[in-house]
Each structure stands twice: as structure tokens, then as C-alpha cells.
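All remarks here apply to the structure that follows.
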Amino acid sequence: KEPVTNWQAGCVFIVDKKKAMVVMGSKDEGFTALYSESVGFVRFFTMYWNFFLNWG
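In my numbering, each residue's number is its place in the sequence shown (first place is 1) plus 58.
Here you go:
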């Protein structure tokens, strides 16, 4: 197998159901993060996470 040289990653952290941080990036481009304490932002990513948990 050839080694993977161009990869991307992302994750969402939700802390105490009050804060959310979304991290995305790639090896070549670097990483960036978006942090929010907005109720709507936290609710969106909580619903997003629950959708995928219940989908499989």
C-alpha cells in the first residue's frame, strides 16, 4: 500500500452542553477551529451528532 499523504480531519467538542468547538483541517493546509458558547450553535452540533448516532 502507498502511504496516505493528503489527509483531512475534523471533530466537534461539546463541553457541559454549553460550549462547542469545531476543529477541521488537513496535513497540507493546517488546522483551524471555531469556538462558540451560542445556544443555537451548541444545539446544532448536538442534533448533528445525535443524527449520526441514531442513523447507524
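Even glycine gets a Cβ: it sits at the ideal position worked out from N, Cα and C.
Given the structure is predicted, the values throughout are model-derived calculations rather than measurements.
Exposed or buried, what is Ala123 when buried is set at 16 or more other beta-carbons lying within 10 Å of its beta-carbon?
Past the boundaries of the shown model lies residue 123; the chain is included only from 59 to 114, so the question cannot be answered.
Per the DSSP calculation, Gly83 is bridged to which residue(s)?
Ala67 and Phe89
How long is the line joining the alpha carbons of Asp74 and Val80, rounded to whole angstroms?
15 angstroms
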